[in-house]
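Notes follow once the structure below has been shown.
2 protein chains.
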Amino acid sequence: MKNLFTLLLLGIVLFTVSCKNENKPVSENSAVEISQIDPLSSWNEGKTKASIINYVNDVTNASSENFVAIPDRIAVFDNDGNLWSEQPAYFQLFFAIDRVKEMAAEHPEWKTQQPFKAVLENDMTELAKQGEHGLIQLVMATHAGVTTEEFDKDVKNWIATAKHPTKNVGFDELVYQPMLELLQYLRANDFKTYVVSGGGVDFMRAFVTEIYGIPEEQIIGSRIKTAFDYNNGNPVIKRLPELDFIDDKEGKPLNIQKIIGKKPVFSSGNSDGDLQMMQWTASNKLKSFMLYVHHTDSIREWAYDINSHIGRLDKGLNEANEKGWTVIDMKNDWKVIYPFELDAN
Amino acid sequence: MKNLFTLLLLGIVLFTVSCKNENKPVSENSAVEISQIDPLSSWNEGKTKASIINYVNDVTNASSENFVAIPDRIAVFDNDGNLWSEQPAYFQLFFAIDRVKEMAAEHPEWKTQQPFKAVLENDMTELAKQGEHGLIQLVMATHAGVTTEEFDKDVKNWIATAKHPTKNVGFDELVYQPMLELLQYLRANDFKTYVVSGGGVDFMRAFVTEIYGIPEEQIIGSRIKTAFDYNNGNPVIKRLPELDFIDDKEGKPLNIQKIIGKKPVFSSGNSDGDLQMMQWTASNKLKSFMLYVHHTDSIREWAYDINSHIGRLDKGLNEANEKGWTVIDMKNDWKVIYPFELDAN
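First to last, the sequence lines map onto chains A and B.
Position 27 (the first sequence) corresponds to 14 in the working numbering; numbering is contiguous.
Position 159 (the second sequence) corresponds to 146 in the working numbering; numbering is contiguous.
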């Protein structure tokens, strides 16, 4: 009898807790009323914001012909330049730079070998030219030979202290407030939000879960190979200096199919590297939504598109315009860029 | 003002809907009272059942020193021989057999080439000897050249009509009722349940979501390579005849780290192919639970372990006994094996 009551009580407690958790995106905000009135309060009124809200209202309306069942509400977000800034170089590069400098004494050959040479000479222009591929190379050279646990610790230590070279705040403060609101808004409408990024998956997992409210298992990215080592009963996974998968361009829809196994209905990116993910999402038989961030704010953030070495947006912008996908004009659509601007108000 | 009211109303509706969904595992059962009294009603009383319940009670008790926070409640389950039967051959093999027979006219070389020869000669003993590797070969040969969408349709068509050769019921009826209850019990306690199987991930995804209540994105398995094809604006993903990843032995913890990015706290398997996943789970600093299914019921299911070509359990059983992991004695621990036995009562 005692067990019966314990289980019944547990059932009630779990029911209450799960309901509370489910609504956390709304209730955790101290300004609950504001959040309920306008879940996208950092977005200026206009067609961009309206198109997002209209889409979500439509596909979550059970009597709409465009209704999307909850298990199919998969939303994928690129990370660099889409959820946080990526200038003057991918932020993961600054982490790699610190590791290269630490390891340089053991690697005299790096003085003449790219992309290491550029790192040691602080030549950011050259580094930017090496692109995502260069980043992956640095990641492999600097992050191999450690276990997944050690690597996680390294990244956590770094993000706790490192500062952006020109903004002079922590890299984790350079996330886009309007996108944080969008992620929260989608989750409040039972979308499952994913990061699908060219960045390293274990690099991101070390700290973005807390910032974005996206669990580790919903973070997808590029990877190096790994090996299991039983290690006399204390098993570890070792990171090997060999590329496993680049999660960019065609790699994005391929990884989405491998890992999620379902076509997204909502896709958000900022570069040509996201175009195939957009095309894949646009081919969904369910009503889908494609959202491009166009970096147009040279004052508050950065302005760049077709001529940028990082986050180049050219074909993607043409296709977005052609097909009527939604394009965020950062300068005009976003009231604030970063969360710390809210604190300043 | 109208928008404000719409949003508030939407919030209330979503709150209600999400609470209902959250409790579906309990409320969808027509015998609600029984389910709440004993979530593992198909398990006989005894130390196996007690050890599961004690573990779950302990790690979900906020005042226990072993409390595990909800995001860390990751539970991984092997599929073949662990959630459904695997005799006289992996069920995926029967699907492959039908495809091989359909395609045989175009492949005269298969008459002398294993594992195709065994398939065409209905030589199941020989096929079993080819093991998981043989299965993967058949999958590659018979499933490549189609798109992911076509493949999904093929599997759905097959599972709707195919019958097990000796049990003479659909393969999807040969799932273990006690394990379905365990999955549901864990989810009711906020565990996230995953399939981590040597079987093909897209094969499983085509039908197990509905049976196990596990969404596609929580199904992990072996894979063949794929390619993105823009296909004049109607993009498809093509399945290539090349192995991408075998999700077995060391591959299991490696894939868990790649895809989930967190060490599980609960691991369930039935063969030596699950041992590394068990060891990885056992190394969690959080209190973990390792559960082996031992096939001991030659009457209701099958009895096999160290001498089986399929699901061989040898080292795993020794290590389980050595380390005090929980071993299910199928014959004595399970009241019923398959769901249809419940209907018969």
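Cβ coordinates follow ideal geometry from the N, Cα and C atoms, glycine included.
Beta-carbon contacts of A/Gln205 that lie in its chain and below 8 Å, excluding the five residues immediately before and after: Lys179, Thr180, Tyr181, Val182
Unbroken alpha helix (DSSP H) run spanning A/His120, endpoints: 118 to 130
For B/Met191, the nearest candidate out of B/Asp284, B/Tyr77, B/Gln266 (CA to CA): B/Tyr77
A/Lys140 in three-state terms, based on DSSP: helix
C-alpha distance - A/Ile315 paired with A/Arg174, whole-angstrom precision: 20 Å
Reference A/Ile84; option with closest CA among A/Ser258, A/Leu70, A/Gln124, A/Asn48: A/Gln124
Cβ of B/Gln244 within 9 Å of any chain A Cβ: yes
Three-state secondary structure assigned by DSSP to B/Met166: helix
Near-chain A residues of the segment 275 to 298 of chain B (beta-carbon distance less than 8 Å), N- to C-terminal order: none
With 16 other Cβ atoms within 10 Å as the buried cut-off, status of A/Met90: exposed
Local Cβ density within 10 Å of B/Ala105, reported as buried at 16 or more and exposed below that: buried
Length of the line joining the Cα atoms of A/Arg86 and A/Lys154: 21 Å
Chain B contact for A/Tyr325 (CB, 9 Å cutoff): no
For A/Phe81, three-class secondary structure by DSSP: helix
8 Å Cβ shell around B/Asp139 - same chain, five flanking residues per side excluded: Asp189, Arg192, Ala193
Cβ-based contacts, 7 Å cut-off: residues of the segment 250 to 270 of chain B near chain A: Gln263, Gln266, Trp267, Ser270
The segment 180 to 191 of chain A: positions lying closer than 8 Å to chain B by Cβ: Val188, Asp189
Exposure of B/Ser50, with buried meaning 16 or more beta-carbon neighbours within 10 Å: exposed
Distance, A/Met264 Cα to A/Ile293 Cα: 19 Å
Touch test, the segment 220 to 229 of chain A against the segment 129 to 137 of chain A, Cβ-Cβ under 8 Å, three pairs minimum: yes
Spatial distance of A/Gly200 from B/His151 (CA atoms): 45 Å
Cα-Cα separation between B/Gln171 and B/Glu119, rounded to whole angstroms: 29 Å
Whole runs of the beta strand (DSSP E) within the segment 31 to 87 of chain B, excluding any shorter than 3 residues: 61 to 64
A/Gly303: first and last residue of the uninterrupted alpha helix (DSSP H) it sits in: 302 to 310
The segment 33 to 53 of chain A / the segment 318 to 328 of chain A touching (three or more Cβ pairs under 8 Å): yes
Bridge-paired residues (DSSP) for A/Phe253: A/Ala62, A/Phe276
Within 7 Å of chain B by C-beta, residues of the segment 200 to 211 of chain A in sequence order: Pro202, Glu203, Glu204, Ile206, Arg210
Cβ-Cβ separation, B/Val280 to B/Asn69 (assumed contact under 8 Å), whole Å: 5 Å
Residue range of the unbroken beta strand (DSSP E) whose run includes A/Gly208: 206 to 216
Sequence-distant residues of the same chain with beta carbon closer than 8 Å to B/Asn242, five excluded per side: Val183, Ile207, Phe232, Asp234
For B/Ile146: DSSP bridge partner residues: Bridge partners of B/Ile146: none, in fact.
Chain B within 9 Å of A/Leu241, Cβ atoms only: yes
Best match in B/Ile198, B/Lys236, B/Glu197, B/Ser209 for proximity to A/Ala214 [C-alpha to C-alpha]: B/Lys236
Residues of its chain near B/Ile146, where Cβ-Cβ distance is below 6 Å and the 5 sequence neighbours each way are ignored: Asp159, Phe194
Chain A contacts from the segment 147 to 175 of chain B (Cβ-Cβ distance under 8 Å): Ala175
Delimiting residues of the alpha helix (DSSP H) encompassing B/Tyr199: 195 to 199
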